[in-house]
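Report on the following structure.
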Amino acid sequence: MESRRHKSAARLALAAFAALCLGWLLHLDLARKISTDVLDLIPPGGSAPELGLVRDLAGNAQGRVMLFSLGDPGAPGTPPRDAARRFAAALARSPLFAEAAPLDDTSAQARMGREIFEDRFRLLLPSWLGRREHEFTAAGLPGARFSPWLAERAAADLEAFLARPEAAAMQEIVPRDPLLLAPGLLEEAQAIEAPSMKAVGRSLVWARIAPSPLSDAGQRPVFDAVDSAFSEARAQAPGLDLRWTGINRFAAASRARIEGEVKALNLLSLAAVAAVAAIFVRRAWKLLHLAPVVLCSLLGAWTASTIVFPRLHILVFVVGSLLTGVAVDYAFYIYMQPFLGSGETYAAKLGRLIKPLLASCLTTVIGFSLLLWSDLPLIRQVGLFVSAGLLAALGSAILYFAQLERPFLEARTFAGRHVGRPPPGARGRRWARAAAGAALAIALIGPLRLQWRDDVRELDIPAAALQANDTEVRAAFGDSPDRSVFLTYGSSLADARRHLADFLEWTARTAPAARSASLGAIFPTEADWDALPGRLRDLAGFSAEFREALLRHGFLPDSFLPFFAEWDSVRSNPPSGPYSALYASVGAALSGPIAQLYSSRAPTPWFLTIVERPAGAPPPAGLNTLNADRLQSLDGLFARYRWSALRLSLIGLALIIGSVFAIYPLGRGLRIALIPAGSCFFVFGLLGVMGQTLNLFNLLGAFLGVCLSHNYSIFSSETAQTGAPVPVPVRLSALCAAASFGVLGFSHIPVVHALGMTVALIVLTALACIELEPFVRRR
Amino acid sequence: MKPWLLLLLFSLLQPASAAGPGVGVADDPAWQELFSHLAPTSPRQCAFEERRYFPFRARPVVLTGTVRIAPGRGLSLEYATPARRTVIIDGEGILVRESGGQRAAPAQGRAQAATAALAAILRFDPAELARDFKLDGTLGPDAWKLTLIPREPGLAESLESVSVDGVRGRLGRIELVRSAAQRIEIVLGPATEGIAFSADTLARAFR
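As given, the protein sequences belong to chains A and B, one line each in that order.
Count the first sequence with my numbering and you get residues 7 to 785, in order.
Count the second sequence with my numbering and you get residues 338 to 544, in order.
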């Protein structure tokens, strides 16, 4: 008989714990605390500049771009220009849009072109002189002949230029720019011009929203503004259709689906656990006693996580729903163990059970706590969520059952029977051992065949329809599989520009037929900028030599008087000043899509380059250049995190096994360690044999599966020694865990699916090992 | 009335009556018959010499090559000298092929104006021409000359006028005039009608 005082104390402690947790959670602004921002899943930059780039691209101007394509089925082949202008004007009037303009409005480009042209001696001349000096040096001519060589080369280039299609359009600027500084830049920029002709019969509108696309303000209110602007445009052209894309559409869809999954998976998980338990126990209503334990476990997990982390990603709660399956383990073990006679008190029963309970709980907590050292915020958050939840589950199970009168949940008769007895003959045992040998072979060889690949996009729910729409709209704006996009970055603008020069040189060398274009070409490298005054000083005779060369090539040198006047002025007052000032002056003149082609923001300024060839092998590491596709997946980076997680998991496993050997004798310790490890290797081996590709979350799932199997291994340790059937709580726990993780296996989020499937398979394998152990044991 | 006043009055009236019948050229059965001869109904090719006049050059820049028209595929200018280059004008826009690579022509109106106008003119569709240009012309028993002035202000900014002349049903010369000192003159050789372009030529000269 439990004393009333003990029961009250347990009730009070449990109520105080629940009240404290609820009080804490209720005072939180959950909307601010819980993030749906995919950027919160990515670690801050640190030593990986790719992350800085992803954050910069998604969080800043580039992520705020929205693209619209309007067409009028009533007038196929004719772009609805007026309606598009009206639509863009309506968007631009909304405070939610920072910019909006039809793509055929080239006024911004023309303005930028004028600015660059007027500033060409400061911006373009340093690179032009640098390139020519490089070519001259490569030709092996004596240094004193550089000026006449340069004059002849410039005149010959000018003559050749006049045969080009664009010469007619440029002839007005040629008298001021016979060195072709601006036309040369334009020729290089061809690949980044908007190919509006690809959108036959459609008008394109480019816009940039003011709020972050990942925030609430950047989603529903923006979508409403788009609807309103479209209604306005339709008033003019009733048949108008609109296709549009933007990161905010993906973010909003992802958020809605993840929130839906949180609810559905938690409910399904609970239902699966309840269903399994109802099959195993006599009085199913008594299962309601498990609910307070599960709720307290979740309360503890939520409270600890929200106390420790300033922001938690919603995915933690999706993955955290696994706690339901684990939290019931301790409750089952306590609740389903019969009392030894009518005289045994709850305290005495608990005293019997406390060693395996603590051994399993604390070792699992130690293992998960190690995940706190992971580089990935999500894994750190899951580590703490599960650790805190397990401690809360054990504590609340002990306290909750302490307040009941002789708590005991009776299992159905079949639940406590042997699954099968070893056949008496040696032949049956030989078969069993052969099967065990085959499993061992799979466990040893299969993992060697595993393929690993991680993709940051698998953290999200794939939205096939939105993706198809995005591809179509972006294709109208010029995206093509025949083009690849690269980002070249550096620790400073000078560093990034130097790497860009190296990358463009590498591209020209490795793919000479592929045109490439980067807005970075506007800017000289720091070396060319610094060398400009000296180079101009050495070109004292250039004016006269260039006049003669022009005459030789059929030009009228006096037509170029505006150029010679500007040249003399530049020579007497060479451009100077800090290198970064070049970017400030150009940046102020940029707007619209062109402004998205480079970033001078610290700490990782970057330049975008479009190369007219499909993406091939990644550029060499020294070029500080990433293919944008690889940047989207972050595969290489996640491989590093995978190895980090593997290292942590192995250390955790070593700690768990070490703890087991400290608590149990060698023979039992060996059995306890081998069952979870063997199950894990067998499952990985099986997946390897089946040719599956695994990711970081399969690894995380394996770690969790090993921790759970380790519990069952400990809880069944006594019966394994005596040859008694596997304890019902072990069977029930394992099947509940398999059911709840199996539910996660149905998740649409690829990583959650990976995690759930791995845990469920390992847990079932471990249970099979425990059940079939007598078949392979020596008699 | 003094004769010089009559002469002055006539000279003043002349442009007015020439501008007015701009629509008349397209409607005139004689011009329509000529247009029907000139409009390509089957693949056609001819040699050409293009002279580009620039105010800062003493002599024009001379380019030579072959022009091809394939109904449904567009117009192709295959330059042979001074550098090999192919300019393709079709429903998808203007494409330039050179040195093994290809690129869209610069997107600015100015860069495309002359080439796009050329493509429109060589289709010799009277309705299309009358829509896009003010038409004026002289049609003699043998020689004829047609002057086209762009209606669209954007095009007019980069192209003052286009004149096309020839003898009977043959197109001999096209002149794209930007200003007195800036013009492109294209002299066309005899055309081969109904030519069957080889697969290689089609791949090289068209998109």
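For glycine and all other residues, C-beta sits at the position ideal for the given N, C-alpha and C.
Remember, it's a predicted structure, so these values are computed and weren't measured experimentally.
The three-state secondary structure of Phe492/A, taken from DSSP, is strand.
Rounded to the nearest whole angstrom, the CA to CA distance from Ser565/A to Thr418/B is 26 Å. Contact annotation for Ile521/B against chain A: Ala174 [CB-CB distance below 9 Å, chain order]. In the three-state reduction of the DSSP assignment, Ala417/A falls in the strand class, which pools E and B.
Secondary structure note for Asn717/A: its alpha helix (DSSP H) is the uninterrupted segment 702-721.
The beta carbon of Leu185/A lies closer than 7 Å to those of Trp134, Ala160 in the same chain, with the five residues before and after it left out. Taking 7 Å as the cut-off, the beta carbon of Val491/A is found no closer than this to the beta carbon of Leu73/A. Assigned with DSSP and collapsed to three states, Ile669/A falls in helix. Listed along chain A are Ser565, each with a C-beta nearer than 7 Å to that of Pro392/B. Taking all protein chains in view, the Cβ of Met696/A is surrounded by fewer than 16 other Cβ atoms within 10 Å, so the residue is classified as exposed. Contacts with chain B (Cβ-Cβ distance below 8 Å) from the segment 549-565 of chain A involve Gly560, Phe561, Leu562, Ser565, listed in chain order. Per DSSP, reduced to three states, the secondary structure at Gly694/A is helical.
Around the beta carbon of Trp368/B, a 10 Å sphere encloses 16 or more other beta carbons of the protein chains shown; the residue is thus reported as buried.
Here Val501/B really is in contact with Leu508/B; their C-beta atoms are around 7 Å apart, less than 8 Å.
Apart from sequence neighbours up to five positions away, the residues of its chain that approach Ala104/A with a beta-carbon distance below 7 Å are Arg214, Ile215, Ala216, ordered along the chain. For Ala420/B, at least one C-beta of chain A is nearer than 7 Å to its own C-beta. At a C-beta separation below 9 Å, Val617/A has no neighbours in chain B, since its nearest C-beta there lies roughly 12 Å away. Two segments are said to touch when three or more pairs of C-beta atoms, one from each, lie closer than 8 Å; by this definition the segment 393-408 of chain A touches the segment 336-343 of chain A. When DSSP assignments are scanned along the segment 356-407 of chain B, the uninterrupted stretches of alpha helix (DSSP H) that are 4 or more residues long and fall wholly within it turn out to be 359-364, 366-375. For Ala223/A and Ala262/A, the gap between their C-alpha atoms comes out near 15 Å. Taking 7 Å as the cut-off, the beta carbon of Val371/A is found no closer than this to the beta carbon of Leu346/A. Rounded to whole angstroms, the Cβ separation of Ser413/B and Ala528/B is 14 Å, and the two are not in contact under 8 Å. The shortest C-alpha to C-alpha distance from Trp155/A to any of His754/A, Arg553/A, Phe613/A, Ser591/A is the one to Arg553/A. In the DSSP annotation of this structure, the continuous segment of the beta strand (DSSP E) that includes Val501/B starts and ends at 498-504. Among the residues of the segment 378-406 of chain B, those with a Cβ less than 7 Å away from any Cβ of chain A are Arg389, Phe391, Pro392, Phe393, Arg394, Ala395, Arg396, Val398, Leu400, in the order of the chain.
Proximity of Pro171/A to chain B, defined by a Cβ-Cβ separation below 7 Å, is satisfied. For Val424/B, the chain A residues whose Cβ falls inside 8 Å of its Cβ are Pro171, in order along the chain. Using a Cβ-Cβ cut-off of 7 Å, Gln177/A counts as an interface residue toward chain B, since at least one Cβ of chain B sits closer than that to its own. Its Cα nearest to that of Ser311/A, the residue Lys39/A stands out among Lys39/A, Pro189/A, Phe483/A, Ala106/A. Proximity to Pro298/A across Gln409/A, Pro383/A, Gly711/A, Arg288/A peaks at Gln409/A, based on C-alpha coordinates.
Counting every other CB atom within 10 Å of its CB across the protein chains shown gives Arg558/A a total below 16, marking it as exposed. By the neighbour-count criterion, in which 16 or more other beta carbons inside 10 Å mark a residue as buried, Leu567/A falls on the exposed side. If you draw a straight line from the Cα of Val732/A to the Cα of Val287/A, it is about 15 Å long. With fewer than 16 other beta carbons inside 10 angstroms of its own, Asn579/A counts as exposed. In the DSSP annotation of this structure, the continuous segment of the alpha helix (DSSP H) that includes Ile285/A starts and ends at 253-286.
Counting of Cβ neighbours within 10 angstroms places His140/A among the exposed residues, the total staying below 16.
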